[in-house]
Amino acid sequence: MNKAQAREQASGEPLDGHLPQPELGLPLVITASAPNTALASWLEAHRKEVMAARRQHGALCFRGFAVDEAQAFEDAARVIAPDLQCEYLGQSPRRKLSNYVFTSTELPPHYPIPQHAEMSFYYDRAPHSLFFWCATASRFGGATPLTDLRRVVQALDPEVREAFEQRGVRHIRAYEGPRAKRSWDVFQFKRWHEVYGTEDKAEVERIAAEAGDEVVWGPNDRLTLYSTHPAFRHHPETGELAWFNHSQVMHLTATPHELFRQARLLKSPRLLAAATALKAIATAKHRLLPAEKQSYHVTFADGGEIPARMIRHVCDVIWDHTVVMPWQRGDVLAIDNASVAHGRMPFRGERLVAVAWA
417 MNKAQAREQA SGEPLDGHLP QPELGLPLVI TASAPNTALA SWLEAHRKEV
467 MAARRQHGAL CFRGFAVDEA QAFEDAARVI APDLQCEYLG QSPRRKLSNY
517 VFTSTELPPH YPIPQHAEMS FYYDRAPHSL FFWCATASRF GGATPLTDLR
567 RVVQALDPEV REAFEQRGVR HIRAYEGPRA KRSWDVFQFK RWHEVYGTED
617 KAEVERIAAE AGDEVVWGPN DRLTLYSTHP AFRHHPETGE LAWFNHSQVM
667 HLTATPHELF RQARLLKSPR LLAAATALKA IATAKHRLLP AEKQSYHVTF
717 ADGGEIPARM IRHVCDVIWD HTVVMPWQRG DVLAIDNASV AHGRMPFRGE
767 RLVAVAWA
């Protein structure tokens, strides 16, 4: 890569003292050396270098290339990952933009999405590559923060690391049936037929089994899925150990903690009020309902509850190793999902960020 394509320091307006950290080297920004350069063509010419750089840094940002439509983004992503997928068994609602490109999420703008490796609850079956494209950048908020999950493992308190290492995790995800009344549960985003694209229970069970999920049917066709695996994962290529589970997202105490943090960062009274309400709801659910009755939750693999203080510690360590870089229109992020987590900051105004994965 020439000087015009060398590393550019992640930058942007500081959020209440939380600055991007240059020593993290995340992401590596590669800038087009000439206007109207097609990203897919450039990647084909530099694929070997790009793959090595992504393996080292975990995330690359391609800036200033000609990526002005979903198909151009899909073509670029396919150079890095020819095995793009379109089956999505995750929680976030999405809208299709091309055969293999979707909106990153249809959740409301004020809703923060905590840092996570995509579909980590599928462990070895989780996507290996993740791509984002900014078609429209919000004027306020809306960044996609990045976290090096290899550094997170190294920075965990020894007691917390040992607990997760020895006991593993069990993810619980529950979905209402296709004809159930709309739930009041603020943690319920989809019904199971929307996740699997079918109302055939046998087909749902087949797909879930292939994904490694344990299936339990409840009253009114309620579906509960259990996925149990280690909390850490060795990178399939480098062998490096990384934090690889959804406890900092799906544990009932995690979302309010995340919302409080982002409310402070963005100095948003609205988010602070939402966090207070959500904390009250989460606390009540945690006390009144067992783990198996939650819409989603994470316990240790043996079914024991993960202490809230451990979840807060994990969230804090993740934020200590997170870079927040504002989007620019046309940016493309290529993420190694085995080593780097992503999320979404709340935003105001128009924003369109698309995703593809493999």
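The sequence shown maps to residues 417 to 774 in my numbering. No residue lacks a Cβ here, since even glycine has one placed at the ideal position from N, Cα and C.
**Study point:** Span of the beta strand (DSSP E) around R649
**Key:** To locate residue 649, count along the sequence shown from 1; it is residue 233. 648-650 is the extent of the beta strand (DSSP E) around R649.
Practice item. Please report the residue range of the beta strand (DSSP E) in which H789 lies. Key: What the structure shows of the chain is the stretch from 417 to 774, and residue 789 is not part of that stretch, so it cannot be assessed.
Practice item. Use the C-beta contact count for S755: other C-beta atoms within 10 angstroms, 16 or more gives buried, fewer gives exposed. Key: Your numbering for residue 755 matches position 339 in the sequence shown. So S755 ends up on the buried side.
Check your understanding: Are the segment 527-540 and the segment 639-648 in contact at 8 Å, needing three or more beta carbon pairs?
Key -> yes
Review point. Between the beta-carbon of A596 and the beta-carbon of T640, is there less than 7 Å?
Key: Position 180 of the sequence shown, counted from the start, is the residue given in the question as residue 596. Position 224 of the sequence shown, counted from the start, is the residue given in the question as residue 640. Result no, Cβ atoms of A596 and T640 do not sit closer than 7 Å.
Check your understanding: Going by the CB atoms, is the gap between P594 and E615 shorter than 7 Å?
Key -> The residue labelled residue 615 in the question sits at position 199 within the sequence shown. The residue labelled residue 594 in the question sits at position 178 within the sequence shown. Taking 7 Å as the Cβ cut-off, E615 and P594 qualify as a contacting pair.
Exercise for review: Could you check how far apart the C-beta atoms of A774 and Q501 are, in whole angstroms? I think they sit under 8 Å.
Suggested key: Locating residue 774 in the sequence shown gives position 358, counting from the first residue. Locating residue 501 in the sequence shown gives position 85, counting from the first residue. About 6 Å; that satisfies the 8 Å criterion.
Practice item. Could you check what DSSP says for E575 in three-state terms: helix, strand or coil? Key: By 1-based counting over the sequence shown, the position of residue 575 is 159. Helix at E575.
Practice item. Sort out for me which residues DSSP pairs W549 with in a bridge. Key: Within the sequence shown, residue 549 is the residue found at index 133, counting from 1. In DSSP, W549 forms a bridge with V748, A770.
Review point. Should N753 and L505 be called a contact, given that it needs their Cβ atoms to be closer than 7 Å?
Key: By one-based count along the sequence shown, residue 753 stands at place 337. By one-based count along the sequence shown, residue 505 stands at place 89. No, these two residues do not count as a Cβ contact at 7 Å.
**Study point:** Own chain, CB closer than 8 Å to R638, minus 5 neighbours either side, in chain order
**Key:** The residue labelled residue 638 in the question sits at position 222 within the sequence shown. Here the set comprises A590, Y591, E592, G593, A596.
Practice item. Go through the segment 557-645 residue by residue and report every complete run of the alpha helix (DSSP H) that reaches 4 residues or more, in order. Key: 565-571, 574-583, 608-612, 617-627
Point to revise | Whether T669 touches I727 by CB criterion (7 Å) | key: By 1-based counting over the sequence shown, the position of residue 669 is 253. By 1-based counting over the sequence shown, the position of residue 727 is 311. In contact: T669 and I727 (Cβ atoms closer than 7 Å).
Review point. Between the beta-carbon of L455 and the beta-carbon of F478, is there less than 7 Å?
Key: Here the question's residue 455 lines up with position 39 in the sequence shown. Here the question's residue 478 lines up with position 62 in the sequence shown. Yes, they are a contact pair.
Check your understanding: Ends of the alpha helix (DSSP H) at A757?
Key -> Position 341 of the sequence shown holds residue 757. Per DSSP, A757 belongs to no alpha helix (DSSP H); it is in the beta strand (DSSP E), 756-760.
Practice item. Whole angstroms is fine: what's the gap from E485's alpha carbon to T519's? Key: Counted from its first residue, the sequence shown places residue 485 at position 69. Counted from its first residue, the sequence shown places residue 519 at position 103. If I take the Cα positions, the gap works out to 13 Å.
Check your understanding: Sorted by chain position, which residues of the same chain lie with C-beta nearer than 6 Å to V777's C-beta, five sequence neighbours on each side aside?
Key -> Nothing in the structure corresponds to residue 777, since the chain is present only between 417 and 774.
Check your understanding: When burial is assigned at 16 or more other CB atoms within 10 Å of the CB, is A745 buried or exposed?
Key -> Here the question's residue 745 lines up with position 329 in the sequence shown. Inspection of the sequence shows that residue 745 is occupied by Arg rather than by Ala. Classification for R745: exposed.
Review point. Does the distance from the CB of Q664 to the CB of P530 come in under 7 Å?
Key: What you label residue 664 is simply residue 248 of the sequence shown in a count that begins at 1. What you label residue 530 is simply residue 114 of the sequence shown in a count that begins at 1. Yes, they are a contact pair.
Check your understanding: By the 10 Å Cβ neighbour count, where 16 or more other Cβ atoms means buried, how is T563 classified, buried or exposed?
Key -> The residue labelled residue 563 in the question sits at position 147 within the sequence shown. Buried: at least 16 other Cβ atoms inside 10 Å.
Practice item. Please report how far the alpha carbon of V771 lies from the alpha carbon of P574, in whole angstroms. Key: Numbered from its first residue, the sequence shown carries residue 771 at position 355. Numbered from its first residue, the sequence shown carries residue 574 at position 158. One C-alpha to the other measures close to 35 Å.
Review point. Taking P451 as the reference, which of G474, R471, V483, A468 has the closest Cα?
Key: Locating residue 451 in the sequence shown gives position 35, where the first residue counts as 1. Here the closest residue by C-alpha is V483.
Review point. Based on Cα-Cα distance, which residue from G765, A493, P561 lies nearest to W735?
Key: On the sequence shown, position 319 is the one that residue 735 refers to. Closest by alpha carbon: P561.
Exercise for review: With a 10 Å radius around its C-beta and 16 neighbouring C-beta atoms as the bar for buried, classify E578 as buried or exposed.
Suggested key: As a first step, residue 578 must be located in the sequence shown, where it is residue number 162. Looking at its Cβ environment, which holds fewer than 16 other Cβ atoms inside 10 Å, E578 is exposed.
Check your understanding: Under the rule that 16 or more other beta-carbon atoms within 10 Å means buried, what is R511, buried or exposed?
Key -> Position 95 of the sequence shown holds residue 511. Exposed, by the Cβ-count rule.
Review point. What three-state label does DSSP hand C502 in the structure shown?
Key: Here the question's residue 502 lines up with position 86 in the sequence shown. If DSSP states are grouped into helix, strand and coil, C502 belongs with coil.
Check your understanding: Is DSSP giving R479 helix, strand or coil here?
Key -> For this step, residue 479 is matched to residue 63 along the sequence shown. Strand.
Exercise for review: Kindly list the residues whose CB is nearer than 7 Å to the CB of G765, restricted to its own chain and excluding five residues on each side of it in sequence; keep chain order.
Suggested key: Position 349 of the sequence shown, counted from the first residue, corresponds to residue 765. Excluding positions up to five away in sequence, the list reads S554, R555, F556.
Practice item. Would you give the residue range spanned by the alpha helix (DSSP H) that L455 belongs to? Key: Stepping through the sequence shown from its first residue, residue 455 is reached at position 39. It spans 455-473 - the alpha helix (DSSP H) in which L455 sits, taken as one unbroken run.
Review point. In whole angstroms, what is the alpha-carbon distance linking T453 and H544?
Key: To locate residue 453, count along the sequence shown from 1; it is residue 37. To locate residue 544, count along the sequence shown from 1; it is residue 128. Going from the Cα of T453 to the Cα of H544 covers about 27 Å.
Exercise for review: Use the C-beta contact count for A618: other C-beta atoms within 10 angstroms, 16 or more gives buried, fewer gives exposed.
Suggested key: Taking the sequence shown and counting its residues from 1, one reaches residue 618 at position 202. It is exposed - the Cβ of A618 has fewer than 16 other Cβ atoms within 10 Å.
Check your understanding: Is DSSP giving I727 helix, strand or coil here?
Key -> Mapped onto the sequence shown, residue 727 falls at position 311. Reduced to three states, the DSSP call for I727 is helix.
Exercise for review: Buried or exposed for T552, please, with buried defined as at least 16 other CB atoms from any protein chain shown within 10 angstroms of its CB.
Suggested key: The sequence position of residue 552 within the sequence shown is 136, counting from 1. It is exposed - the Cβ of T552 has fewer than 16 other Cβ atoms within 10 Å.
**Study point:** Cut-off 6 Å between Cβ atoms - residues of its own chain near P685, not counting five sequence neighbours on either side
**Key:** Taking the sequence shown and counting its residues from 1, the one referred to as residue 685 is at position 269. Closer than 6 Å at the Cβ level, and outside the excluded window around P685, lies no residue.
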